[in-house]
Structures are given as structure tokens and as C-alpha cells.
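Visitor:
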Amino acid sequence: MTVQDNLAIEADHVRKAFGATIAVDDVSFQVRAGRVHALLGENGAGKSTIVKLLSGLVMPDTGSFRIFGTEAALASPRAAHALGIQTAFQEMTLVRDLTVLESVLMPYAPVNGLGLIRRRAAEEGVRAHFVTLGLQDIDLQDEVSNLDLAIKQKIEIARALYRKPKLLLLDEPTSSLTGRDVDWLGEIIAHEKAKGVTIIFISHRLKEVRDFCDTLSVLRNGQHIASGDVAEFDDEEVIRMIVGRSIGQAFPARPVRTHQSGPEVLRAEDLATDGKLVNASFSLHKGEILGVAGLQGMGQLDLFVSCFGMAEITKGQLYVDGKPVMIASPADAVRADIGISLVPEDRKTEALFLKLSGTENASIPSIERFSRYGLIDVDAERQAVADVFQRVEIADRALWTRAGAFSGGNQQKIAIAKWLLAESRVLLLYDPTRGIDVGTKHELYRLMRQYVEAGGAILLYSTEIPELVHLADRAIVLYQGQIVREIAMADLNEDNIVRAALGSDISVRAA
């Protein structure tokens with residue numbers, strides 16, 4: 113019997129509840145050894161709970177797992193590691209204040225007979241490992257806190273591979289990766305599969321599921337819906353199983369424009385920072401979505417945070433309503449006379465206070481509106497938040513429930529809702545659908561379109577090029593810190609965006 117005929121995972125009537133919330137409800141499925149198996153479902157469907165159960169972070173209330181034919185008591189991460197299970201989490205487990213090297217080695221650094229870490233041997237081993245993965249440009253002595261989100265995700269994956277897993281769990285590994293990095297991961301998956309490693313792959317991107325995976329299982333509301341070979345299901349059927357209904361058109365229809373966009377609300381001239389942004393000039397108009405494209409690390413993050421007062425502008429000027437402005441902090445950006453807000457790439461650490469309720473998160477930028485003589489009018493605050501939550505279709509329980517208890521999609525809705533409450537005129541959306549399921553993506557697309565049709569303006573960066581093609585009214589493309597091309601709607605397609613993002617349009621770089 114070959115490894116392909118064996119079962120790597122057998123989940124048998126697994127149930128897990130967190131208080132009144134049933135995360136996984138009587139789930140049974142199987143994964144054959146040596147296969148790449150996709151685990152699909154909306155945010156909150158139970159996927160991440162399954163990963164936590166297999167990783168030994170939580171124990172099932174009832175039911176059991178068999179791992180490679182053996183009943184498994186996954187009572188701790190070490191117990192999971194002993195069975196050859198390693199996990200690369202979407203919500204990364206790297207310690208911010210440690211170096212890359214220390215993060216990869218923890219907690220299994222090699223020691224000598226005295227219990228001291230053999231640092232030179234450890235560093236040589238990790239460096240050689242990174243070279244085999246094509247990560248030789250990462251400095252092992254860099255602190256994790258100084259790295260881009262995509263680099264952190266690569267290190268998270270590299271750490272799991274360094275421990276030579278038999279079963280590799282990849283929890284939305286591409287949510288923060290751009291095109292080339294996704295290809296990099298695809299090559300790694302193929303290499304590990306060829307070695308006989310079994311891989312559980314969670315993604316909301318169906319193209320990746322088809323490119324990387326052999327089989328799939330769909331969860332909905334904590335229950336197992338279906339399993340089978342990827343080739344057995346077309347995209348429409350998969351979506352219908354995931355969301356429980358047919359979504360129809362993936363992107364909202366663009367309105368038929370009978371006139372030009374509204375007046376200019378935000379303009380940048382020759383913008384530069386001391387980071388990766390070298391020269392950026394653009395204008396954003398009322399009632400439009402301006403797309404921003406670029407490969408990882410081309411200055412797009414600096415562009416967004418500088419417009420929000422989170423990065424010092426070393427050259428150039430910002431204009432709001434045609435007047436020069438100095439935005440030295442987020443407090444300046446959200447002022448009523450400027451009205452700029454940012455939904456950042458990492459909602460859990462940069463957009464929300466996970467231990468505070470949805471009401472508290474949403475009202476923080478606008479709290480002065482509900483304050484008088486140092487006291488907060490709680491009733492007025494909650495009513496205002498309830499109204500905006502209704503607009504973004506968040507359940508009423510978000511009013512009093514801590515933000516950390518919600519799925520990624522609902523957390524993103526709360527992050528957007530707070531800026532709607534603040535009546536921001538300009539939304540800076542940095543990869544807003546990262547790690548969001550297909551159903552919630554559709555809702556966010558609708559919200560974006562409603563926002564601009566009501567007179568708002570959006571600057572939208574996305575790692576998913578089809579989003580820019582179908583949502584943006586026009587797009588700008590960054591390469592090596594400069595805007596190298598502006599693409600009008602008539603020419604807005606994946607080919608033109610990718611060509612410019614790869615630097616083939618250098619000749620048209622803005623002055």
C-alpha cells in the first residue's frame with residue numbers, strides 16, 4: 113500500500129463550542145496522505161477551529177481525530193508536533209520583539225550538553241534552510257516588528273517547514289501575499305507534496321484551490337457540507353456550498369456614468385517618504401474608486417500611511433479640496449475639514465481593539481460627538497453605532513460583544529463602520545478583503561460602491577488584481593516607489609496592470 117492510499121486525517125464527529133457559540137458541530141471528514149486538501153468555508157464556518165484542534169491549541173468537546181491511522185490526543189502543540197503536525201497561521205505567532213532567527217528556532221533551538229544554545233550552528237542551519245526556500249534576502253537578525261506583513265507570513269511558513277512536518281497546516285497563507293509570492297508558495301507546496309507531506313490548505317481564492325489542491329472539504333456554520341476531488345465541483349457549486357446560496361454576479365455592476373467624476377478631494381504631488389515611496393503624484397475625485405496596484409514592497413504601504421499621517425512626508429505636498437494641508441498624525445487626517453480615514457492591512461493589530469466591544473471600537477474616532485462635560489451619552493452612542501452597523505449588516509450583538517469574538521469578515525465590517533460613523537469623505541482601503549470569505553467580499557464590494565455613489569471617494573489597494581479591474585474607475589501602478597502608469601477604465605485589465613507592475617512601463621513614468 114502506497115502513502116497515497118493511507119489516511120493522514122480522520123475527523124470523527126468532532127464538536128467544539130466556545131461558550132454559547134458552536135464553532136464545529138459534529139464534523140467528520142478524511143484526508144488522504146500525500147494530498148493537498150483544501151478546507152473551505154466562510155469566516156466563522158469552523159475552518160480555523162479545525163486547525164486549532166489539529167494543532168493542539170484546543171481540545172474537542174466530543175469526537176476524535178486519527179492521525180496517520182493512530183488515535184490522537186492532541187492536548188498541546190508539543191503533542192501535535194510529536195505527530196509531525198506543523199502549522200503556519202494567518203494570525204501569525206511570531207513574537208514581535210524577537211529576531212527572525214529566534215522566531216524560527218523557538219522553542220526548539222539546538223543546545224549543547226550544558227543546555228546552552230549552539231547559536232552558530234543554529235544560524236547556519238536556518239540560513240541554509242532560507243536559501244533553499246528562496247528567502248536568502250531576509251536578514252536573520254532583523255526584528256520581526258520591523259518587517260512587512262508578507263515577509264512575516266513567509267517566515268511563518270518557513271518556520272513550519274524548518275521542523276520537517278509530515279502534516280502541514282496552512283491557514284490562509286496567501287491572504288497577505290501578492291502574485292509572485294503566491295507562485296513561490298505554489299512551488300513549495302508542490303515540492304512538499306512530492307516528498308509525501310500532507311497539506312491542509314485554507315484559502316478564499318478558488319483559483320489557488322484549483323492550482324494547488326487535489327481534494328476539498330466545505331464547512332458552513334460549523335458543519336461539514338461536502339468533500340471530494342477538486343475537479344468534481346465547478347466554482348459556482350463551490351460558492352453555493354460555502355455561502356448556502358448562489359451569489360450571482362461576483363462584483364457589483366459599475367454605474368453608467370453620464371458625467372465626469374466629481375471635484376477633486378485629495379491630491380498628492382511628488383510625494384516621498386524616508387521608506388520605499390520615492391515619487392507619487394495622483395488625484396482622487398468625489399464619487400470614484402481609484403485603484404492602486406504594485407508588487408509587494410513597491411511603496412504602496414508608504415503611500416497609504418503617509419496620506420493618513422502615519423509616515424513622515426519628506427518631499428512633496430498633499431492637497432485636500434485643492435488646498436495644501438499638513439497631515440502630521442491620524443488625528444489630523446480624521447478632522448472634519450480633512451475627513452481621511454484608513455482601513456489598514458492588519459485589522460487585528462492596527463484597526464481594532466479586540467478586547468473592546470463593537471460599539472467602543474466604532475465610536476472611538478467620533479467620541480467627542482457623544483461627550484458632554486466629560487461624560488459620554490451612552491444611549492446616543494449606541495444608537496448611532498447601531499444605525500451604522502445596520503448599514504454594513506453586522507449583527508446587533510456586535511454592539512456589546514468584544515470585537516475579537518467575531519470572524520475576520522465581521523471585524524473588517526466594524527473597521528469600516530467606525531469611519532462611516534466618523535463621516536469620512538475619503539476612505540483609504542489597504543487590501544480590505546484580505547482573508548475574507550467570498551460571501552463577505554461581495555458585501556464589502558457593495559458597501560464600497562454605495563459609499564462612492566453617496567459622494568465619498570476611495571483609494572483602494574488590493575493584492576487581488578481582479579478586484580482592481582472590476583471595482584476601480586481607474587488605477588495607478590507603483591514600481592520601485594514611483595507611479596509608473598495611470599490606467600483609464602477603458603484600458604483597465606489584468607494584463608495592463610501586471611505589465612506595469614513588473615516595470616515594463618518605465619518609459620511612461622510620471623515626471
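Residue numbers (the numbering used here): 113 to 623.
Here a beta-carbon is modelled for each residue, glycine too, at the ideal position from N, C-alpha and C.
Please read all numbers here as calculations on a predicted model, not as lab measurements.
Indicate whether Y274 and H316 have their beta-carbon atoms separated by less than 8 Å.
Guide: As a first step, residue 274 must be located in the sequence shown, where it is residue number 162. As a first step, residue 316 must be located in the sequence shown, where it is residue number 204. It is not a contact, given that the beta carbons lie outside the stated cut-off.
Visitor: Buried or exposed for L487, going by 16 or more other Cβ atoms inside 10 Å?
Guide: Sequence index remark: in the sequence shown, residue 487 carries index 375 (1-based). Burial call: exposed.
Visitor: In chain order, what residues of the same chain lie with their CB nearer than 7 Å to the CB of L206, ignoring the 5 residues before and after it?
Guide: Taking the first residue of the sequence shown as 1, we reach residue 206 at position 94. Hits under 7 Å: S215, V256, K264, I267 and E268.
Visitor: CB-CB under 7 Å to L261, same chain, minus the five flanking residues each way: which ones, in chain order?
Guide: Along the sequence shown, read from residue 1 onward, the residue named residue 261 stands at position 149. For L261, where only same-chain residues beyond five positions count, the Cβ hits under 7 Å are S288, E457 and D458.
Visitor: Let me know the secondary structure DSSP gives V159 once reduced to three states.
Guide: Translated into positions along the sequence shown, residue 159 becomes position 47. Correcting the residue identity first, residue 159 is Lys in this sequence and not Val. Three-state result, K159: helix.
Visitor: Does DSSP classify D449 as helix, strand or coil?
Guide: Here residue 449 corresponds to residue number 337 of the sequence shown, with the count starting at 1. Three-state DSSP puts D449 in coil, outside helix and strand.
Visitor: Measuring only the C-alpha atoms, how far is G237 from Y557?
Guide: Along the sequence shown, one-based indexing puts residue 237 at 125. Along the sequence shown, one-based indexing puts residue 557 at 445. Looking at the two C-alpha atoms, the distance is approximately 45 Å.
Visitor: Can L583 and I401 be called in contact, C-beta distance under 8 Å?
Guide: Counting from 1 along the sequence shown, the entry for residue 583 is found at position 471. Counting from 1 along the sequence shown, the entry for residue 401 is found at position 289. Yes, they are a contact pair.
Visitor: For L604 and V589, which I take to be in contact (beta-carbon distance under 8 Å), what is that distance rounded to the nearest angstrom?
Guide: If you number the sequence shown from 1, residue 604 lands on position 492. If you number the sequence shown from 1, residue 589 lands on position 477. About 11 Å separates the two Cβ atoms, so there is no contact after all.
Visitor: Within a Cβ cutoff of 7 Å, which residues of the same chain sit near G356, ignoring the five residues on either side of it in sequence?
Guide: If you number the sequence shown from 1, residue 356 lands on position 244. Hits under 7 Å: R332.
Visitor: Run through the DSSP bridge pairs and tell me what L328 is partnered with.
Guide: If you number the sequence shown from 1, residue 328 lands on position 216. Looking at the DSSP assignment, L328 forms a beta bridge with A150 and G340.
Visitor: Count the other CB atoms within 10 Å of the CB of W512; is the residue buried (16 or more) or exposed (fewer)?
Guide: Indexing the sequence shown from 1 puts residue 512 at position 400. When all chains shown are included, W512 counts as exposed.
Visitor: Taking only runs that begin and end inside the region 363 to 440, name each unbroken alpha helix (DSSP H) of 4 or more residues, in chain order.
Guide: Counting only runs of 4 or more, we get 412 to 419.
Visitor: Among residues of its own chain, excluding the 5 on either side of T211, which ones have a beta-carbon nearer than 8 Å to its beta-carbon?
Guide: Numbered from 1 along the sequence shown, position 99 holds the residue referred to as residue 211. L252, Q253, D254, E255 and V256, listed in sequence order.
Visitor: Name the one or two DSSP bridge partners that D124 has.
Guide: If you number the sequence shown from 1, residue 124 lands on position 12. DSSP output for D124 lists S176 as bridge partner(s).
Visitor: Put T310 into one of helix, strand or coil per three-state DSSP.
Guide: Within the sequence shown, residue 310 is the residue found at index 198, counting from 1. In this structure, T310 counts as strand in the three-state DSSP scheme.
Visitor: Tell me where the beta strand (DSSP E) around T552 begins and ends.
Guide: Walking along the sequence shown from the start, residue 552 turns up at place 440. Where T552 is concerned, there is no enclosing beta strand (DSSP E), although the alpha helix (DSSP H) it sits in stretches over V550 to E565.
Visitor: Taking all protein chains shown into account, decide if H625 is buried (16 or more other Cβ within 10 angstroms of its Cβ) or exposed.
Guide: The structure shown does not extend to residue 625, since the chain spans only 113 to 623, so no value can be given for it.
Visitor: Alpha carbon to alpha carbon, how far is P219 from R190?
Guide: The count along the sequence shown starts at 1 and reaches residue 219 at position 107. The count along the sequence shown starts at 1 and reaches residue 190 at position 78. Approximately 10 Å between the Cα atoms of the pair.
Visitor: Measuring only the C-alpha atoms, how far is K398 from G409?
Guide: Counting from 1 along the sequence shown, the entry for residue 398 is found at position 286. Counting from 1 along the sequence shown, the entry for residue 409 is found at position 297. Each residue's Cα considered, the two are about 28 Å apart.
Visitor: Short of 6 Å in beta carbon distance, which residues of its chain neighbour T471, apart from the five on each side in sequence? Order them along the chain.
Guide: Residue numbering aside, residue 471 sits at position 359 when the sequence shown is read from its first letter. The answer, listed in chain order, is R494, V497 and L511.
Visitor: List, from N- to C-terminal side, the alpha helix (DSSP H) runs of 4 residues or more that fit wholly inside the region 218 to 302.
Guide: Complete alpha helix (DSSP H) runs here, min 4: 231 to 244 and 261 to 274.
Visitor: Q93: buried (16+ other C-beta within 10 angstroms of its C-beta) or exposed?
Guide: Limits of the chain in this structure are 113 at one end and 623 at the other, which puts residue 93 out of reach.
Visitor: Taking just the CA atoms, how far does W531 sit from S373?
Guide: Looking up residue 373 in the sequence shown gives position 261. Looking up residue 531 in the sequence shown gives position 419. Each residue's Cα considered, the two are about 22 Å apart.
Visitor: Comparing alpha-carbon positions, which option in A234, L195, T286 and I439 lies nearest T310?
Guide: Reading the sequence shown from its first residue, position 198 is the one you call residue 310. Comparing Cα-Cα distances from T310 to each of A234, L195, T286 and I439, the minimum goes to L195.
Visitor: By a C-beta neighbour count over all protein chains shown, 10 Å radius and 16 as the cutoff for buried, is S536 buried or exposed?
Guide: Residue 536 sits at position 424 when you count from the first residue of the sequence shown. It is buried - the Cβ of S536 has at least 16 other Cβ atoms within 10 Å.
Visitor: Would you tell me roughly how many angstroms separate the C-alpha atoms of D341 and T552, rounded to the nearest one?
Guide: Here residue 341 refers to the residue found at position 229 of the sequence shown. Here residue 552 refers to the residue found at position 440 of the sequence shown. Rounded to the nearest angstrom, the two C-alpha atoms are 25 Å apart.
Visitor: Going by C-alpha to C-alpha distance, which of P364, I337, R366 and A365 sits closest to R81?
Guide: With the chain covering only 113 through 623, there is no way to say anything about residue 81.
Visitor: By Cβ distance, which residues of its chain are closer than 8 Å to Y563, with the 5 residues on each side in sequence left out?
Guide: In the sequence shown, the residue the question calls residue 563 occupies position 451. Same-chain partners within the cutoff: L532, L539 and I570.
Visitor: Can you tell me where the beta strand (DSSP E) with I506 in it begins and where it stops?
Guide: Here residue 506 refers to the residue found at position 394 when the sequence shown is read from its first residue. Here I506 belongs to no beta strand (DSSP E), and DSSP marks it neither H nor E.
Visitor: Let's test the definition: count the other Cβ atoms within 10 Å of the Cβ of P96 and tell me whether it reaches 16, buried, or not, exposed.
Guide: Because the chain spans 113 through 623 in this model, residue 96 falls outside it and cannot be assessed.
Visitor: So, at 7 Å on beta carbons, what are the nonlocal neighbours of N608 in its own chain, with the 5 sequence-adjacent residues on each side left out?
Guide: One-based indexing of the sequence shown puts residue 608 at position 496. Only I599 meet the Cβ criterion.
Visitor: Quick one: what does DSSP say D138 is sitting in, helix, strand or coil?
Guide: The sequence position of residue 138 within the sequence shown is 26, counting from 1. Residue state, collapsed to three classes: strand.
Visitor: Name the one or two DSSP bridge partners that L539 has.
Guide: Residue 539 sits at position 427 when you count from the first residue of the sequence shown. Beta-bridge pairing links L539 to S453 and I570.
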